[in-house]
Amino acid sequence: GGKDRRSGLILTIPLCLEQTSMEELSVTLDYLLSIPSEKCKARGFTVIVDGRKSQWNVVKTVVLMLQNVVPAEVSLVCVVKPDEFWDKKVTHFCFWKEKDRLGFEVILVSANKLTRYIEPCQLTEDFGGTLTYDHMDWLNKRLVFEKFTKESTSLLDELALINNGSDKGNQQEKERSIDLNFLPSVDPETVLQTGHELLSELQQRRFNGSDGGVSWSPMDDELLAQPQVMKLLDSLREQYTRYQEVCRQRSKRTQLEEIQQKVMQVVNWLEGPGSEQLRTQWGIGDSIRASQALQQKHEEIESQHSEWFAVYVELNQQIAALLNAGDEEDLVELKALQQQLSDVCYRQASQLEFRQNLLQAALEFHSVAQDLSQQLDGLLGMLCVDVAPADGASIQQTLKLLEEKLKSVDSGLQGLREKGQSLLDQISNQASWAYGKDVTIENKENVDHIQGVMEDMQLRKQRCEDMVDVRRLKMLQMVQLFKCEEDAAQAVEWLSELLDALLKTHIRLGDDAQETKVLLEKHRKFVDVAQSTYDYGRQLLQATVVLCQSLRCTSRSSGDTLPRLNRVWKQFTITSDERVHRLETAVAFHSSAEKILQECPEQPEAFNEVEQFDEIEAVGKSLLDRLTVPVVYPDGSEQYFGSPSDMASAAEHIREKMKLVSLKKQQLRQPEATTPDS
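To convert, note that position 419 of the sequence shown is 419 in full-length UniProt numbering; the numbers rise steadily by one, no gaps.
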């Protein structure tokens, strides 16, 4: 890296104690001398032969060898000698005398006196200079440079071959050239990165010396390292850019061809085996199980189609990406491929969806038909069982359940008609995807099956409705029968309650004639209510007999209800007659007593009414006697009006009035007794 005073390069040859191979040294010198430019070589070389660790004959041989290797370029040879070893030898061979023969000047000099010929800043530390130099670093950088130069040169040739092949005009030759081209032997990115790193290192070493000074490297601009690297990098970038474009075009063409191939595979399968699978599937099944089997088969077909649809999605994305790239020459072809692929896939997907919807509609139709059939079976079973309810409420419940079942059947039949009509509408559209296949016969079988199911369900429903009408009439008659029986029993209860009320609460006889007459009138109205209740019960029992005859059954309760009704009514009439007799007697008693008690004692006719007093007393006694006598019924049972205290109170009131009548009688007799004495 150092220079002499003439700006010539300094070449240092260090010799060692070991045997030096002149052949290797010659090759090394040839290599080193090939590095500088011709301009540098024209300024000549200063060669320093370091012989301090070598023998004289080796030094002499090296110096003589320089004559053969670089005689024209060498201007001065400085042989660095040992301090005392060669002094005697030099007298036998003087290099200065051989200057003309050698072609350059040779001097023997000690290491410490070498600065007389070369500046210290151009000498390394080995010779007392200050020039910084690391031979291993120089060697490594030189190896990197040599490797980069070799690889980049080879890579440039390869890239040029590839790029030039892609520029051919004929399309067939272009395609053939691209097919025959090989990939570069080395990675262009790696070579470019190596070159940039090397260039950065060279520039750094060139301008950033140690200790603020300039470090003159053997690979500076004068040695052509940096310009060569820059030139190679520029060429590489240019060729690599062209190569990338070639690769992009090749990749695009390859991708386009692969897309075309895959598109045709998808189209051929969908229009071939895929369509054939759909052509063979036209039935809808005649039951839920058959429809489910067809659905399972269709799912297998859909599974096979889904694999091709997945390929379609991937291809569509790839085509969209290429369309976004915006290459004019491929836009028309790509759009045509995309349109063809989309048309076929969407058409096939529509067929699959139509078939799936048809099978789903068929499954729903058969499901509704099965549910309706089960409802009709349940309704028919309910109608076939004889009605044996316990009471009217259970009949009403059974009738309500029957009506609900019939309503549910109506709703189910309506739903079946809607499902059937929807299915028929879909079947009528089946010809639109039959791919030219005549499906009239197959569709007729499906239509006949659907219509047959709906007609059969309609007939079964009509038969059940007729049976329901008969059962409804019978059950309504039974409800009426039970209602009549219940109301008749209720009439007996009401009549019994009236009898009980007559015996327990209708006990007063009145305090005077007027009140007694009012009680008698109320009693007659009370008897009218009882009579109406009795008549109502008789009418209900007569209706019960008629209903039993109509239903051809024996009433369970009317048999004993009529005797009970008659028995209670007989007891009521006897009790009522007794009550009427007592009230009428009380009216006669109160009327006669009040008449006598209200008469004035001065009336002369009063003295002639003694017989009336006796009659009133007789009526009063008779009434008192009746109050103590019970009501006797035909079965021998007896009943008293009210409680004993109630009867005692009524009797006491009668006795008081009888006492008043007796007192009145005595008052009338006293004037009669005093008249004769006067």
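Glycine included, each C-beta is placed from N, C-alpha and C at the ideal position.
- In this structure, Leu-416 lies near Met-457, with their beta-carbon atoms less than 8 Å apart.
- In the structure shown, Thr-280 falls within a coil segment according to DSSP collapsed to helix, strand and coil.
- Under the three-state reduction of DSSP, Lys-53 is assigned to coil, being neither helix nor strand.
- By the Cβ criterion, the region 582 to 590 is not in contact with the region 465 to 476, since fewer than three pairs of Cβ atoms, one from each stretch, lie closer than 8 Å.
- The beta carbon of Arg-355 is closer than 7 Å to those of Leu-278, Gln-281 and His-298 in its chain, skipping five residues each way along the sequence.
- Pairing Val-191 with Leu-161 gives a Cβ-Cβ distance that is not under 8 Å.
- Annotated three-state conformation of Glu-18 is coil, per DSSP.
- Thr-544 is positioned such that its CB atom lies closer than 8 Å to that of Ala-488.
- Leaving aside the five residues that flank Leu-623 on each side, the residues in its chain whose CB is nearer than 8 Å to its CB run, in chain order, Leu-509, Arg-582, Thr-585, Ala-586, Phe-589 and Ile-654.
- Contact annotation, Glu-364 with Lys-419: C-beta distance approximately 6 Å; criterion of less than 8 Å satisfied.
- Just measuring C-alpha positions, the residue of Phe-526, Ala-310 and Val-368 sitting nearest Ala-349 is Ala-310.
- Assignment of Ile-10 by DSSP, reduced to helix, strand and coil, places it in the strand class.
- Taking C-alpha positions only, Leu-663 is separated from Val-518 by approximately 28 Å.
- Looking at the DSSP output, Cys-78 shares a beta bridge with Ile-48 and Ile-107.
- Thr-505 carries a coil assignment under DSSP once its states are collapsed to helix, strand and coil.
- The residue from Leu-627, Pro-273 and Gly-636 with its alpha-carbon nearest to that of Ala-651 is Leu-627.
- Under the three-state reduction of DSSP output, Val-632 falls in the strand class.
- For Glu-638, DSSP records a beta bridge to Val-632.
- For secondary structure counted as the alpha helix (DSSP H) over 4 or more consecutive residues, the region 545 to 599 holds these complete runs in sequence order: 558 to 598.
- Assigned with DSSP and collapsed to three states, Thr-124 falls in strand.
- Cβ-Cβ distances below 6 Å link Leu-232 to Ser-152 in the same chain, with the five nearest sequence neighbours on each side left out; the list follows chain order.
- Per DSSP, the beta-bridge partners of Leu-131 are Thr-124.
- Per DSSP, Asn-429 lies in no alpha helix (DSSP H) and is assigned neither H nor E.
- Here Tyr-240 is buried, its C-beta having at least 16 other C-beta atoms within 10 Å.
- For the set Glu-485, Leu-499, Val-632 and Ala-501, the Cα lying nearest the Cα of Leu-562 is the one of Glu-485.
- Judged by DSSP secondary structure, Ile-288 falls within the alpha helix (DSSP H) whose first and last residues are 288 to 325.
- The shortest C-alpha to C-alpha distance from Glu-271 to any of Ala-593, Val-344 and Lys-483 is the one to Val-344.
- Taking 8 Å as the cut-off, the beta carbon of Gly-128 is found closer than this to the beta carbon of Thr-115.
- In the same chain as Tyr-312, and ignoring 5 residues on each side of it, the C-beta atoms closer than 7 Å to its own belong to Val-266, Leu-341 and Cys-345, in chain order.
- Asn-446 and Gln-295 have their C-alpha atoms roughly 16 Å apart.
- Nearest in C-alpha terms to Lys-141, of all of Gln-203, Val-109, Glu-465 and Phe-104, is Gln-203.
- Beta bridge pairing from DSSP links Lys-3 with Leu-9.
- The beta-carbon separation of His-305 and Leu-379, rounded to 45 Å, does not stay under the 8 Å limit for a contact.
- When secondary structure is reduced to three states using DSSP, Arg-142 falls in the helix class.
- Nearest Cα to Lys-39 within the set Gly-8, Gln-244 and Leu-66: Gly-8.
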